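Take a look at the structure below.
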Amino acid sequence: MKKIAVVFTQSAFSQSSSREAQDLAMALAAVEHQVTLIYLGAAITQLLPLTAAPNFGVKDFTAAQKLFALYDIEQVIVAADAMLLYQLTADELRIDVTELSTADISALLLQQDHILRC
Amino acid sequence: MASFALYVQSPVYGCQTLASVLRFAQAACALKHQIDHIFFYQDAVLAVSNDADLPADEPDNAALLLSFCQQQQIPLLYCVTAAEKRGIATNSRPARAGFTAAGLAEFAMRLDEVDRVVQF
Chain A
18 MKKIAVVFTQ SAFSQSSSRE AQDLAMALAA VEHQVTLIYL GAAITQLLPL TAAPNFGVKD
78 FTAAQKLFAL YDIEQVIVAA DAMLLYQLTA DELRIDVTEL STADISALLL QQDHILRC
Chain B
520 MASFALYVQS PVYGCQTLAS VLRFAQAACA LKHQIDHIFF YQDAVLAVSN DADLPADEPD
580 NAALLLSFCQ QQQIPLLYCV TAAEKRGIAT NSRPARAGFT AAGLAEFAMR LDEVDRVVQF
């Protein structure tokens, strides 16, 4: 078991990387790695609940975020500066998150065995 | 001596990605480090396409990487789901020989055994 951080950097549907990053994070958790998810910048919008199925030619993968707890993904971090930039509060997001400053995120990354940035 | 996993997710054509992967792998092997495997995910799976028709003055970095990895016995793995989503590595368009289909679970399990992951 390794401590692995998956860092999300893209908004939800601009390209397939967000969906594939989430699939990767869940696969890592499924084989018992200790996975931390970190959402930076526009990636925090991945965590906004959609009120209707999107109708723009891509599949909605974000609903599976409700399974993070079941996969024992304990830490879901969002960048506090991104929350400020996008004028969002934690209670607007689909799942429970922890807001951290850039300095605290850097410290958290230092504790990891592996980091994957998507 | 350290063991490395090389994780490739960037686009692979029209850019330096595969050349960088190859140079890193060559340097690591020259210093007696071990490359456990190279895993292709996201748009990097286009590297396994068998029918890319490159201009004559464009280096085929996928072929150069493949040749080096075969000589060093480094497994070249790609995410089969990511490839299928891009319409490559299917029955009608098989992957380039030398690349092995794998799942995310295999990549995840292999990370247990490596010291470092280097992302391209």
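Chains as they are written, first to last, in our numbering: chain A, 18 to 135; chain B, 520 to 639.
Backbone N, C-alpha and C fix where the C-beta goes; we use that ideal spot for every residue, glycine too.
All of these numbers come straight from a predicted model, not from anything done at the bench.
Neighbourhood of valine 75(A) by C-beta, 7 Å cutoff - its chain only, sequence neighbours within 5 removed: Phe30
Taking isoleucine 37(A) as part of the alpha helix (DSSP H), name the residues at either end of that continuous run. It is glutamate, not isoleucine, that sits at residue 37(A) in the sequence shown. Taken as a continuous stretch (DSSP letters only), the alpha helix (DSSP H) holding glutamate 37(A) covers 34-47.
Unbroken alpha helix (DSSP H) runs of length 4 or more, entirely within the stretch 568-592 of chain B: which are they? 580-591
I need the straight-line Cα distance from histidine 50(A) to isoleucine 21(A), nearest angstrom please. 7 Å
Extract the residue ranges of the beta strand (DSSP E) inside the stretch 596-626 of chain B, only unbroken runs of 3 or more that lie entirely within it. 618-621
Runs of alpha helix (DSSP H) lying entirely within the stretch 63-114 of chain A, each at least 4 residues, in chain order: 97-102
With a threshold of 9 Å between beta-carbons, can arginine 635(B) be considered close to chain A, or not? yes
Element boundaries [alpha helix (DSSP H), containing threonine 488(B)]: The structure shown does not extend to residue 488(B), since chain B spans only 520 to 639, so no value can be given for it.
Beta-carbon proximity check, alanine 627(B) vs asparagine 580(B), cutoff 9 Å: no
Residues near glutamine 129(A) in its chain [Cβ-Cβ closer than 6 Å; skip 5 each side]: Lys20 and Ala22
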